[in-house]
Amino acid sequence: MGRKLLTEHVNVEGIETFAVYRKHGGYRAVEKALKMTPDEVVEEVKKSGLRGRGGAGFPTGMKWSFLAKPEGVPRYLVCNADESEPGTFKDRYLMSKLPHLLIEGMIASSYALGARTSYIYIRGELLYVLRILEKAIAEAYAAGFLGENIQGSGYSLDLHVHPGGGAYICGEETALLESLEGKRGNPRNKPPFPAVQGLYARPTVVNNVESIATVVPILNLGGDEYAKIGVGRSTGTKLFSACGHLNKPGIYELELGVPVEEFIYSDEYCGGIWKGRDLKAVVAGGSSVPILPKELILKTAAGENRLMTYESLSDGGFVTGTMLGSGGFIAMDETTCIVKNTWNFSRFYHHESCGQCSPCREGTGWLEKVLHRLEHGHGSMHDIDLIVSVAKQIEGNTICPLGEAAAWPVAAAVRHFRDEFEWHVTHPKEATQPGAVYRGNLVLA
Amino acid sequence: MEPTSPAAKPQFSPAAQAEIKRLLTHYPDDRRKSALLPVLHIAQAEFGGWVSPEVQDLVAETLSLRPIEVYEVSTFYTMFNLKPVGKHVLEICRTGPCMLRGSDELTAQLERITGAKVGGTSPDGLFTLKEVECLAACGFAPVVQVREKYYESLDTEENVNAMLSELKSLVHRPILPWEETGLPTSLQNN
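Protein chains in written order, with the working numbering: chain A, 1 to 445; chain B, 1001 to 1190.
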């Protein structure tokens, strides 16, 4: 079992309260940060090699260093707690179990960035988590870790939680900022980037919950020590949310570098595939990353063991690889219909497209429609090429990455499971039987 | 025919007004519009689980916005119900990970038990069924959200029945101050 830097104390009774959290070393990172200069804190995060835990994997320290700091203009830190990527449920866990970890990270990060007001934008469905956070924030104010002159340092910070209203697109950082301003969640054109014009047109950094929480162990250990954990440029630990057909779905904190095979089959982690079945495919980083068949998720095309790292999961590019993404790990057993699953994901993206860019608004609709007819036995061979072509025309032609997120799963499903799509065309009767699934030429009811 | 009396203009309760006042302190004075989503949540909780045009106008007035600024937002986000709903709205997750663990079967089961169809309300007015996208609880699928509470692992008859009887036993759910809904099973101490 590897080190746990975020969830070490997660099962301590009362850890959601300030007193117990503090007793277990809580708020030491804030005390440490306040004795450093803001730039020194940024430097530690840079040294740690921390990469954004929301899905894009962009280095957090570098993102921070882009923040514009014009004299006399307020700037903001906004925490992206709009966790909505199918397969991902780690931030909900972190916030409900360890609210003070996020708050501590927010204080240290806000100090580093010079923000005097910070927001946690949480998806509206998680109102009960918002209550947990508000309770913890009130405790932090009472203990002098928020508000005026924190711990006598002269630094002051207000922290607020803000609920969304149900919209996947608000996980995109500029849509999130629009939403926080009380508008529809339409992503903004970039540039200007939020680092220059973000919330209320002020310089703003938007970071994922887990990224901000990770600032706490980084400061406690020091950036250099943190960077020693993990493999290569995949430093530290990361939360993975495992779901689908696993014996033990749930949230696992891993030192980056655990072999995928061990993660799936070891009893320490997911405990193998349920009901004694065989693994068919995995979507390794949330619904938008390319699906891989069993052979390619366990080993790279070159036959090396695939590891739970940014680099190893993307080995082979989109031809034979995928992405670590948000860490939403969806396992599918041998009875899973890939066509149905692809249709389901396309319906999701169609539903969640904000409608601003025509390639995405129209394209996601066509993907859903054509996949629906393929799944229901009314498709043609041409339809298979059609969805690939529609996906290609969405990709790269939209303001925000929802376009890519909708296109990639379709392209990858056809790339790796084309014969299954063709079987739906050539054997519509068999394919539409309840529970039927393509396995070579076998139909299993 | 009797002339119908105009419906009384909706008003926020004193508790809701106090909560809105508190929320407005979170944003700069010239950015009251930021409070729109939180205030819409309060409005929906106060006025029977949905936001009528009159309620949306009240929200606009409360935040000094033009009504269209509220309408364009309430119609964008999926959590706001724009039509009357039953006492409990069961939001059933239908996205991939829940589908893999039986959300289609769950939906059919809930339709059968409650007598409501997805998008509609049961004849006794108790349950409205609504299909939603990913609720971020994929490891504990299939999942249903009812107001602020998540019901998880609904792949057994037992868990489904427990959810429905808990909901039936709720006589009145106070709106404000916010009730403690309790953590979903997956987040209780393990």
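For each residue, glycine too, the CB sits at the ideal point set by N, CA and C.
Inter-residue spacing [alpha-carbon to alpha-carbon] between residue i and residue j
{"i": "R415(A)", "j": "Y27(A)", "result": "49 Å"}
{"i": "P70(A)", "j": "E210(A)", "result": "28 Å"}
{"i": "V289(A)", "j": "I273(A)", "result": "21 Å"}
{"i": "M381(A)", "j": "V425(A)", "result": "6 Å"}
{"i": "A436(A)", "j": "K280(A)", "result": "15 Å"}
{"i": "L386(A)", "j": "P1123(B)", "result": "44 Å"}
{"i": "E1054(B)", "j": "L1082(B)", "result": "11 Å"}
{"i": "A1060(B)", "j": "A1043(B)", "result": "11 Å"}
{"i": "K369(A)", "j": "P434(A)", "result": "20 Å"}
{"i": "S1169(B)", "j": "L1126(B)", "result": "11 Å"}
{"i": "V161(A)", "j": "L6(A)", "result": "21 Å"}
{"i": "A431(A)", "j": "G377(A)", "result": "7 Å"}
{"i": "R347(A)", "j": "G1115(B)", "result": "26 Å"}
{"i": "V459(A)", "j": "R202(A)", "result": "Residue 459(A) cannot be examined here, being either before or after the span of chain A that is shown, 1 to 445."}
{"i": "R116(A)", "j": "D39(A)", "result": "16 Å"}
{"i": "H1041(B)", "j": "Q1011(B)", "result": "15 Å"}
{"i": "G451(A)", "j": "D419(A)", "result": "Given a span of 1 to 445 for chain A in the structure shown, any question on residue 451(A) remains unanswerable."}
{"i": "Y1077(B)", "j": "L1063(B)", "result": "19 Å"}
{"i": "Y349(A)", "j": "P359(A)", "result": "12 Å"}
{"i": "A328(A)", "j": "S314(A)", "result": "Note that residue 328(A) corresponds to Gly in the displayed sequence, not to Ala. Near 15 Å, if we compare the C-alpha coordinates of S314(A) and G328(A)."}
{"i": "E362(A)", "j": "W343(A)", "result": "16 Å"}
{"i": "G147(A)", "j": "R1022(B)", "result": "16 Å"}
{"i": "G325(A)", "j": "A1015(B)", "result": "42 Å"}
{"i": "P191(A)", "j": "E139(A)", "result": "39 Å"}
{"i": "N397(A)", "j": "E404(A)", "result": "9 Å"}
Within 7 Å, strictly: CB atoms of residue i and residue j
{"i": "L176(A)", "j": "Y252(A)", "result": "no"}
{"i": "G1102(B)", "j": "P1142(B)", "result": "yes"}
{"i": "L473(A)", "j": "V388(A)", "result": "No answer is possible for residue 473(A): the residues shown for chain A start at 1 and end at 445."}
{"i": "G223(A)", "j": "S48(A)", "result": "yes"}
{"i": "A33(A)", "j": "V41(A)", "result": "yes"}
{"i": "I330(A)", "j": "G87(A)", "result": "yes"}
{"i": "K451(A)", "j": "C270(A)", "result": "Residue 451(A) lies beyond the range of chain A shown here (1 to 445); nothing can be said about it."}
{"i": "L67(A)", "j": "S118(A)", "result": "no"}
{"i": "Q356(A)", "j": "N220(A)", "result": "no"}
{"i": "S508(A)", "j": "T309(A)", "result": "The question about residue 508(A) has no answer here: the residues shown for chain A are numbered 1 through 445."}
{"i": "L102(A)", "j": "V205(A)", "result": "no"}
{"i": "Y1191(B)", "j": "A1137(B)", "result": "The structure shown does not extend to residue 1191(B), since chain B is modelled only from 1001 through 1190, so no value can be given for it."}
{"i": "E85(A)", "j": "G286(A)", "result": "yes"}
{"i": "T1144(B)", "j": "L1187(B)", "result": "One detail in the question is off: residue 1144(B) reads as Val in this sequence, not Thr. No, Cβ-Cβ distance for V1144(B) and L1187(B) is not below 7 Å."}
{"i": "G165(A)", "j": "M1079(B)", "result": "yes"}
{"i": "V1160(B)", "j": "L1154(B)", "result": "yes"}
{"i": "V1070(B)", "j": "Q1056(B)", "result": "yes"}
{"i": "R184(A)", "j": "V1118(B)", "result": "no"}
Nearest to residue i (by Cα), restricted to the options the options
{"i": "N341(A)", "options": "I297(A), K392(A) and A412(A)", "result": "A412(A)"}
{"i": "H351(A)", "options": "Q1056(B), V1132(B) and Y1151(B)", "result": "V1132(B)"}
{"i": "E422(A)", "options": "P434(A), A407(A), T300(A) and Y438(A)", "result": "Y438(A)"}
{"i": "L1135(B)", "options": "V216(A), K90(A) and L101(A)", "result": "K90(A)"}
{"i": "M62(A)", "options": "R131(A), K46(A) and H245(A)", "result": "K46(A)"}
{"i": "V1051(B)", "options": "Q1109(B), G1120(B) and P1084(B)", "result": "P1084(B)"}
{"i": "Y1027(B)", "options": "Y200(A), K4(A) and Y93(A)", "result": "Y200(A)"}
{"i": "D82(A)", "options": "T174(A), K23(A) and R22(A)", "result": "T174(A)"}
{"i": "P163(A)", "options": "I107(A), C400(A), L130(A) and G232(A)", "result": "L130(A)"}
{"i": "P259(A)", "options": "S287(A), C243(A) and T300(A)", "result": "T300(A)"}
{"i": "G317(A)", "options": "I291(A), E334(A) and S326(A)", "result": "I291(A)"}
{"i": "C243(A)", "options": "E1157(B), F1140(B) and L1065(B)", "result": "F1140(B)"}
{"i": "S179(A)", "options": "D1029(B), A1108(B), S1034(B) and S1013(B)", "result": "S1034(B)"}
Proximity test, residue i beta-carbon vs the ligand GDP heavy atom, cut-off 6 Å
{"i": "K1021(B)", "result": "By its list of ligands, the structure shown contains no ligand whatsoever, and the ligand GDP lies outside what it can speak to."}
Residue i: contacting residues in chain C (beta-carbon distance under 8 Å)
{"i": "A167(A)", "result": "The question asks about chain C, but that chain is absent: this structure's protein chains are A and B."}
Quiz item: Using Cβ-Cβ distances below 7 Å, what residues of the region 72 to 104 of chain A are close to chain B?
Solution: E83, S84, P86, G87, T88, F89, R92, Y93, S96 and K97
Quiz prompt | Whole runs of the alpha helix (DSSP H) within the region 12 to 37 of chain A, excluding any shorter than 4 residues | solution = 18 to 23 and 28 to 34
Quiz item: Closer than 8 Å, Cβ to any Cβ of chain B: which residues of the region 171 to 190 of chain A, in chain order?
Solution: S179, L180, E181, G182, K183, R184 and G185
Quiz item: Of all the residues that make up the region 234 to 267 of chain A, which are near chain B by a beta-carbon distance shorter than 8 Å?
Solution: S241, A242, C243, G244, H245, P249, G250 and I251
Exercise. Write down every uninterrupted run of the alpha helix (DSSP H) in the region 265 to 318 of chain A whose length is 4 residues or greater and which is fully enclosed by it, in chain order.
Key: 294 to 298 and 310 to 313
Quiz item: Can you list, in chain order, the residues of the region 1078 to 1105 of chain B whose Cβ is nearer than 7 Å to any Cβ on chain A?
Solution: T1078, M1079, F1080, T1095, G1096, P1097, M1099 and L1100
Quiz item: Which runs of the beta strand (DSSP E), 3 residues or longer, sit entirely within the region 1052 to 1083 of chain B?
Solution: None, since the region 1052 to 1083 of chain B contains no complete beta strand (DSSP E) of that length.
Practice problem: Taking only runs that begin and end inside the region 221 to 254 of chain A, name each unbroken alpha helix (DSSP H) of 4 or more residues, in chain order. | Solution: Complete alpha helix (DSSP H) runs here, min 4: 223 to 227.
Self-check item: Length at least 3, wholly inside the region 151 to 213 of chain A: the beta strand (DSSP E) runs in chain order
Solution: 158 to 163 and 204 to 208
Quiz item: Which runs of the alpha helix (DSSP H) fall wholly inside the region 55 to 94 of chain A and span at least 4 residues, in chain order?
Solution: 60 to 65
Quiz prompt | Short-range partners of chain B found in the region 128 to 148 of chain A, where Cβ spacing is below 7 Å | solution = Y128 and R131
Quiz item: Unbroken alpha helix (DSSP H) runs of length 4 or more, entirely within the region 387 to 438 of chain A: which are they?
Solution: 402 to 426 and 428 to 431
Practice problem: Select from the region 40 to 69 of chain A all residues with a C-beta closer than 8 Å to any C-beta belonging to chain B, and list them in chain order. | Solution: none
Practice problem: Note down, one range per segment and in chain order, each alpha helix (DSSP H) of at least 4 residues found wholly within the region 1010 to 1035 of chain B. | Solution: 1014 to 1024
Quiz prompt | Residues of the region 337 to 350 of chain A with Cβ closer than 7 Å to any Cβ of chain B, in chain order | solution = N341, N344, F345 and F348
Practice problem: Using a Cβ-Cβ cut-off of less than 9 Å, list which residues of the region 1136 to 1155 of chain B approach chain A; keep chain order. | Solution: A1136, A1137, C1138, G1139, F1140, A1141, Q1145, R1147, E1148, K1149 and Y1150
Exercise. Could you run through the region 1035 to 1050 of chain B and flag, in chain order, every residue whose CB is less than 8 Å away from some CB of chain A?
Key: A1035, L1036, L1037, P1038, L1040 and H1041
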